[in-house]
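First the structure, in the form of structure tokens, and then the observations on it.
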Amino acid sequence: AYEAAAKALEPRIRLVKLNSDKEQAIAARLGIRGIPTVILFHRQREIARVSGAMSAGQIVNWVRGHVPTGTS
Numbered sequence: 002a003y004e005a006a007a008k009a010l011e012p013r014i015r016l017v018k019l020n021s022d023k024e025q026a027i028a029a030r031l032g033i034r035g036i037p038t039v040i041l042f043h044r045q046r047e048i049a050r051v052s053g054a055m056s057a058g059q060i061v062n063w064v065r066g067h068v069p070t071g072t073s
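Numbering-wise (our numbering), the sequence shown opens with residue 2 and increments by one.
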């Protein structure tokens with residue numbers, strides 16, 4: 002689902018996958034407690050967060066529903 006969603010959202014939106022087992026310090030800093038977690042950042046600020054499995058379509062719709070309009 003991640004790969005398909007990433008492809009659908011490029012180039013305007015970039016998805017980044019983090020292995021929280023290997024990158025525990027980053028996961029802790031971001032407050033990731035449940036896996037999977039999707040965190041949406043805009044201009045280096047967190048604007049939305051959701052935990053739980055989602056299909057590619059659900060990820061795309063969730064992201065598009067939270068991205069500020071008229072910005073890149």
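Just so you know, even glycine gets a beta-carbon here, dropped at the ideal spot from N, CA and C.
Distance, residue j Cα to residue i Cα
i, j, result
"glycine 35", "serine 52", "6 Å"
"serine 56", "alanine 6", "8 Å"
"alanine 28", "glutamate 47", "14 Å"
"arginine 30", "glutamate 24", "10 Å"
"asparagine 62", "aspartate 22", "27 Å"
Test item: CB-CB of residue i and residue j under 8 Å
i, j, result
"arginine 50", "isoleucine 60", "no"
"proline 37", "alanine 9", "no"
"valine 68", "histidine 43", "yes"
"isoleucine 33", "valine 64", "no"
Residues that DSSP places opposite residue i in a beta bridge
i, result
"serine 52", "Thr38"
"glutamate 78", "The structure shown does not extend to residue 78, since the chain spans only 2 to 73, so no value can be given for it."
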